[in-house]
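Student: Taken in sequence, the protein lines are chains A and B. Note that this note's numbering has the first sequence beginning at 1, numbered continuously upward. Note that this note's numbering has the second sequence beginning at 333, numbered continuously upward. Structure incoming, see below.
2 protein chains.
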Amino acid sequence: MRGWVRLLLPSQTQSLFLPIEADLREVEKRIERSTEVEPLLLQEALRHVMLAPGKRIRPALTIASGRMFREGGASLHAMAAAVEFLHTATLVHDDVVDQPELRRGAAALYTMVGNSVALLAGDYLFAQAAATASETNNLRIMRLFAESVMTLCAGQIAESARGQDWCGADRERYYSTIDAKTAALFVLSCKAGGILGEASFAQTAALIRYGRQLGLAFQIVDDILDLVGDEAVMGKPAGSDLRQGVITLPVIYLREELSDDVMREAFSGGEGREQAIQMITERARTSGAVDRAYQEARELAAEAAQCLDELPAGEYRDLLMGLTRTVIDRDA
Amino acid sequence: MRGWVRLLLPSQTQSLFLPIEADLREVEKRIERSTEVEPLLLQEALRHVMLAPGKRIRPALTIASGRMFREGGASLHAMAAAVEFLHTATLVHDDVVDQPELRRGAAALYTMVGNSVALLAGDYLFAQAAATASETNNLRIMRLFAESVMTLCAGQIAESARGQDWCGADRERYYSTIDAKTAALFVLSCKAGGILGEASFAQTAALIRYGRQLGLAFQIVDDILDLVGDEAVMGKPAGSDLRQGVITLPVIYLREELSDDVMREAFSGGEGREQAIQMITERARTSGAVDRAYQEARELAAEAAQCLDELPAGEYRDLLMGLTRTVIDRDA
Numbered sequence: 001m002r003g004w005v006r007l008l009l010p011s012q013t014q015s016l017f018l019p020i021e022a023d024l025r026e027v028e029k030r031i032e033r034s035t036e037v038e039p040l041l042l043q044e045a046l047r048h049v050m051l052a053p054g055k056r057i058r059p060a061l062t063i064a065s066g067r068m069f070r071e072g073g074a075s076l077h078a079m080a081a082a083v084e085f086l087h088t089a090t091l092v093h094d095d096v097v098d099q100p101e102l103r104r105g106a107a108a109l110y111t112m113v114g115n116s117v118a119l120l121a122g123d124y125l126f127a128q129a130a131a132t133a134s135e136t137n138n139l140r141i142m143r144l145f146a147e148s149v150m151t152l153c154a155g156q157i158a159e160s161a162r163g164q165d166w167c168g169a170d171r172e173r174y175y176s177t178i179d180a181k182t183a184a185l186f187v188l189s190c191k192a193g194g195i196l197g198e199a200s201f202a203q204t205a206a207l208i209r210y211g212r213q214l215g216l217a218f219q220i221v222d223d224i225l226d227l228v229g230d231e232a233v234m235g236k237p238a239g240s241d242l243r244q245g246v247i248t249l250p251v252i253y254l255r256e257e258l259s260d261d262v263m264r265e266a267f268s269g270g271e272g273r274e275q276a277i278q279m280i281t282e283r284a285r286t287s288g289a290v291d292r293a294y295q296e297a298r299e300l301a302a303e304a305a306q307c308l309d310e311l312p313a314g315e316y317r318d319l320l321m322g323l324t325r326t327v328i329d330r331d332a
Numbered sequence: 333m334r335g336w337v338r339l340l341l342p343s344q345t346q347s348l349f350l351p352i353e354a355d356l357r358e359v360e361k362r363i364e365r366s367t368e369v370e371p372l373l374l375q376e377a378l379r380h381v382m383l384a385p386g387k388r389i390r391p392a393l394t395i396a397s398g399r400m401f402r403e404g405g406a407s408l409h410a411m412a413a414a415v416e417f418l419h420t421a422t423l424v425h426d427d428v429v430d431q432p433e434l435r436r437g438a439a440a441l442y443t444m445v446g447n448s449v450a451l452l453a454g455d456y457l458f459a460q461a462a463a464t465a466s467e468t469n470n471l472r473i474m475r476l477f478a479e480s481v482m483t484l485c486a487g488q489i490a491e492s493a494r495g496q497d498w499c500g501a502d503r504e505r506y507y508s509t510i511d512a513k514t515a516a517l518f519v520l521s522c523k524a525g526g527i528l529g530e531a532s533f534a535q536t537a538a539l540i541r542y543g544r545q546l547g548l549a550f551q552i553v554d555d556i557l558d559l560v561g562d563e564a565v566m567g568k569p570a571g572s573d574l575r576q577g578v579i580t581l582p583v584i585y586l587r588e589e590l591s592d593d594v595m596r597e598a599f600s601g602g603e604g605r606e607q608a609i610q611m612i613t614e615r616a617r618t619s620g621a622v623d624r625a626y627q628e629a630r631e632l633a634a635e636a637a638q639c640l641d642e643l644p645a646g647e648y649r650d651l652l653m654g655l656t657r658t659v660i661d662r663d664a
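The following block contains the structure:
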C-alpha cells in the first residue's frame, strides 16, 4: 500500500506526511470511490483531474489540524476529501477561463472534453465537495465551506475586474487577490480540521492565522516558480501568468527595473508580446526582484510557524511546521 | 409593496401565488440583500440575473410544500431563496455553454461580462445557494441540496456526451435528460419544503412525486414553446433548441413526418441549416407532433395533481394544484 501512496506524493512531502499516511490513504479511497459514476464521460473527466499526482497539501492540513486534538475518523477524512474536491473544482474552472494547455504537467481537462463539459465537471466537483463536507454532519463546517467558496469567487471576479491593468497593479492589490484565491482555501482546510477536533477558540484562531500566512507564502512561491522555475519540473512553460495577463509579486518588483515599454508590450496583444515576456523572464533570473519576493514568502512562512506555538506539541504540529519549510523550498 | 411583487410575477402566476405573497416578499428581500456585495462587477452581475422578472416557481413550490404542514419562517424563506439561487446558477452556466444571446428576453449575462466572469458568477451563485440552504440548520437538506446539484450536472454531461446525435435521440433518452436537468430541481424544491414542514414519510414521497411529474410537464411545455411559441412573448427566437443541437420531445415526434435529409441538415453545420430549422418550426405549427407532446405534458400534470390527494387540503394544496394547470396553459 505504501508504494501506492508514494505514487501520489512528490518526494518532498512524502516523508513529511508519514504521520498521517493511513489517513491520507482513507482520503484517497474516498476520492477514488467518488469517480465511480455515470456517465462514462464524467467518470473519465473525474479520474483525469482527481487521480493525477498531486501534493494533497490541503487534505494534509485538515488531517493534521484535526488529529492534533482528537483521533481521526470518517468526518475528518470526509472533510479532507472535500477540500481537495473543492480545490480541483477551482482548477478545472480556472483552466476553462485561462485556457492553459497543461495542468500539473498533464493536459488541462477542457482540452480533452471541451469547455462545456469541463465547466459542468467543475460544477459537479463543487457539488461533490459540498456533499462530502456534509458527511461531517457539522453545520458550522457546511456554512464555512459555502462562505469560503463565495470569498474565492468574489476574489477571482475582483481580479478579472482589474483586468490587465499592469500600471495599477501593486503589492496591496496582489495580496488581496491571493488572499481570496489561495489563502481562503488553506484557511478552510485548517479551520475545518480544528472545528472537527473541537479545538478551543484561541487554538482555532491560531490555525486560521497559520493557514492564511502559509497560503500566502505558498502562492508567492507558486508565482515565483511560474516566472523562473524549471519548465521540465513545473510541467508548463515559464511565464504562463504573464501570458494570461496576471501580474504577480516578483513582476511587481521587476517593474521597478524595467522600462514601461517592455511592460506595456508584455501586456499588449501585439506582435512583440512573446519577446517582451521572454525578456522579463530572463531578467527575472538575474534580478533581485525574485529574491525580494522569496524573502516575503519566507517571512510569511515564519509567521505561520510562530502561530504553531499556541498549538499542542507533537508529530502533527511538527508536520505543520515542516510545511512552512517545504512551501518555500520546492521546485514545483 | 404589492405593486413591487407584481413586477416580478407574470400575471398568470400572480393570483395563484396570493396565499404565499408575504412569504415570497421575504424571499425577494433575501435575494435582493444577497446582491449587495463587492466587487461592483459581481454586484452588477448578480443584480442582472437575480432581479430580472422571473416566475419564481421553484421558491413557490418550497413555500407551499412547507406551509402545508407548518407556519412559514426564516428557514423556509432561506430554502426558497436557495433553490432560486441554484436555478439561476444553472441558467448562467447553461448560457456560457450554449451561448444564446437572450435569456428571459434580456441579454444573457456572458454577453455583458464575458464568459470568464459569467462562469465565476455562476460559481458564486452555487455557493450562495449552499450558504443560504445552510441557514435552515438542517443537515438532511444540505445533503439533499448537494446531491441534487450532482444529479443535475451528471445529467447535463450525459446530454453533452450524446452530442448532436439526432438519429439516436428517442423518448426514453429525452425523459432521462429532462429528469436530471429540470425535474431534479423541482423535486428538491418540494422535498425541502416537506422536510422543513416535518411532513410524514408518505407525504414527503407524495411531494417528491408531485415535483417530478410537474417538472417533466414543465420542461416539455418549455420545449414546445421554444419550437412554436410567440417570439415576442418568449423573448427569444423560435427554434433556439434546434440551433443548439438539442432534440426535444416535439421534434422527436416531428421526425416521423420529416425526411432524414431535413433533419441531417438541421443538425449539420452546413449552409442549409437555418433553412432546415425554419422548415421544421413551420411544420411544427401544423403537425400533430406538438399536440402529442402537449398531451404527454397534460398527462404528467394530471399525475402530479393526483399526488396531491395524499396531502392536507387547503390553500397551499390548491396552489400546487393550480400550478399543474399553469405549467401547461402558458405562453412563455
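Each residue gets a CB set at the ideal place from its N, CA and C atoms; glycine is no exception.
HIS93 of chain A versus chain B: which residues are under 8 Å apart at the beta carbon?
Tutor: Neighbours of HIS93 of chain A on chain B, chain order: LEU451, LEU452, ASP455.
Student: Using the Cα positions of SER116 of chain A and HIS425 of chain B, report the straight-line distance between them to the nearest angstrom.
Tutor: Taking the straight line from one Cα to the other gives about 9 Å.
Student: Quick check on this structure: which residue in A:GLU296, A:PRO250, A:GLY269, A:LEU300 has the alpha carbon closest to the alpha carbon of ILE280 of chain A?
Tutor: It is A:PRO250 whose Cα lies nearest to the Cα of ILE280 of chain A.
Student: Here's a check: name, in chain order, each residue in its chain whose Cβ is nearer than 6 Å to the Cβ of LEU8 of chain A, leaving out the five neighbours to either side.
Tutor: Its pLDDT being 44, under 50, LEU8 of chain A is placed unreliably by the model, and the measurement read from it follows with that caveat. Excluding residues within five positions, the ones whose Cβ falls inside 6 Å are PRO53.
Student: When you compare the stretch 367-379 of chain B with the stretch 507-521 of chain B, are there three or more beta-carbon pairs, one atom per stretch, that lie closer than 8 Å?
Tutor: No, the stretch 367-379 of chain B is not in contact with the stretch 507-521 of chain B.
Student: Determine whether the Cβ of ARG25 of chain A lies closer than 7 Å to any Cβ atom of chain B.
Tutor: It does not; no Cβ of chain B falls within 7 Å.
Student: By the three-class DSSP mapping on this structure, what secondary structure does ARG617 of chain B have?
Tutor: It is helical.
Student: From the DSSP output, read off the bridge partner residues of ALA107 of chain A.
Tutor: Note: ALA107 of chain A sits in a beta bridge opposite A:LEU102.
Student: Going by C-alpha to C-alpha distance, which of A:VAL221, A:THR136, A:THR111 sits closest to GLU198 of chain A?
Tutor: Out of A:VAL221, A:THR136, A:THR111, A:THR136 has the C-alpha closest to the C-alpha of GLU198 of chain A.
Student: Using three-state DSSP, classify LYS55 of chain A as helix, strand or coil.
Tutor: In the structure shown, LYS55 of chain A sits in coil (DSSP, three-state: anything other than H, G, I, E or B).
Student: For a test of the three-state rule: what should DSSP assign to ASN447 of chain B, helix, strand or coil?
Tutor: It is helical.
Student: Mind pulling the chain A residues with CB within less than 9 Å of LEU373 of chain B?
Tutor: Ordered by position in chain A, the residues that pass the 9 Å Cβ test against LEU373 of chain B are ILE157, ALA158, SER160, ALA161.
Student: Using C-beta distances below 8 Å, list every residue in its chain close to GLU315 of chain A, excluding the 5 sequence neighbours before and after it, in chain order.
Tutor: Within the same chain, GLU315 of chain A has close Cβ partners PRO19.
Student: Do you know offhand how far LEU76 of chain A's Cα is from GLU353 of chain B's?
Tutor: If I take the Cα positions, the gap works out to 43 Å.
Student: What do you get for GLU603 of chain B, buried or exposed, if any count of 16 or more other CB atoms within 10 angstroms of its CB means buried?
Tutor: Under this definition GLU603 of chain B is an exposed residue.
Student: Is there a Cβ from chain A that is less than 7 Å from the Cβ of LEU471 of chain B?
Tutor: LEU471 of chain B counts as touching chain A.
Student: Tell me the DSSP secondary structure of ARG255 of chain A in three-state form.
Tutor: Reduced to three states, the DSSP call for ARG255 of chain A is coil.
Student: Are any of the Cβ atoms in chain B nearer than 7 Å to that of ALA127 of chain A?
Tutor: Yes, its Cβ sits closer than 7 Å to a Cβ of chain B.
Student: Hey, ARG317 of chain A and TYR253 of chain A: beta-carbon distance below 7 Å or not?
Tutor: No, Cβ-Cβ distance for ARG317 of chain A and TYR253 of chain A is not below 7 Å.
Student: Just the chain B side, please: which residues come within less than 9 Å of GLU38 of chain A by C-beta, in chain order?
Tutor: What GLU38 of chain A touches in chain B: ALA486, ALA490.
Student: What are the boundary residues of the alpha helix (DSSP H) that includes PHE218 of chain A?
Tutor: Here the alpha helix (DSSP H) through PHE218 of chain A covers 201-228.
Student: What is the DSSP secondary structure of ALA161 of chain A, reduced to helix, strand or coil?
Tutor: Three-state DSSP puts ALA161 of chain A in a helix.
Student: I want to see whether chain B comes within less than 7 Å of MET68 of chain A, judged by CB atoms only; does it?
Tutor: No, because no Cβ of chain B sits closer than 7 Å to the Cβ of MET68 of chain A.
Student: Determine, using beta carbons only, whether SER134 of chain A comes closer than 7 Å to chain B.
Tutor: So, interface residue.
Student: Roughly how many angstroms separate the alpha carbons of THR443 of chain B and ALA570 of chain B, rounded to a whole number?
Tutor: Using only the alpha carbons, I get a separation of about 20 Å.
Student: Under 8 Å, CB to CB, which of the residues in the stretch 521-537 of chain B have a partner in chain A?
Tutor: From the stretch 521-537 of chain B, no residue has a Cβ closer than 8 Å to chain A.
Student: Are GLY193 of chain A and ARG104 of chain A touching if we call contact CB-CB under 7 Å?
Tutor: Cβ atoms of GLY193 of chain A and ARG104 of chain A: not closer than 7 Å.
Student: Which whole-angstrom value describes the C-beta separation of ALA180 of chain A and THR151 of chain A, a residue pair presumed to lie in contact below a C-beta threshold of 8 Å?
Tutor: With 8 Å as the limit, ALA180 of chain A and THR151 of chain A qualify as a contact, their Cβ atoms being about 5 Å apart.
Student: Just mark GLU101 of chain A as buried or exposed, buried being the case when its beta carbon has 16 or more other beta carbons within 10 Å.
Tutor: It is exposed - the Cβ of GLU101 of chain A has fewer than 16 other Cβ atoms within 10 Å.
Student: Considering only the alpha carbon of each residue, which of A:LEU139, A:ARG212, A:ALA78 lies closest to ASP23 of chain A?
Tutor: Comparing Cα positions, the closest option is A:ALA78.
Student: Helix, strand or coil for LYS191 of chain A, going by three-state DSSP, please let me know.
Tutor: Note: LYS191 of chain A maps to helix in three-state DSSP.
Student: When the Cβ atoms of the stretch 153-161 of chain A are set against those of the stretch 120-128 of chain A, are three or more pairs found closer than 8 Å?
Tutor: Output reads no: the stretch 120-128 of chain A does not touch the stretch 153-161 of chain A.
Student: Given this structure, state the Cα-to-Cα distance separating GLN306 of chain A from ALA450 of chain B, to the nearest angstrom.
Tutor: Approximately 40 Å between the Cα atoms of the pair.
Student: Throw me the rounded Cβ distance for the LEU643 of chain B and ALA515 of chain B pair, which I believe falls under 8 Å.
Tutor: Actually they are not in contact, since the Cβ atoms of LEU643 of chain B and ALA515 of chain B sit about 19 Å apart, beyond 8 Å.
Student: Since I believe PHE145 of chain A is in contact with ALA131 of chain A (beta carbons under 8 Å), could you give me their beta-carbon distance rounded to a whole number of angstroms?
Tutor: Not quite, the Cβ-Cβ distance comes to about 11 Å (not below 8 Å), so this is no contact.
Student: Look up LEU643 of chain B in the DSSP assignment and say whether it is helix, strand or coil.
Tutor: Here LEU643 of chain B sits in coil by DSSP.
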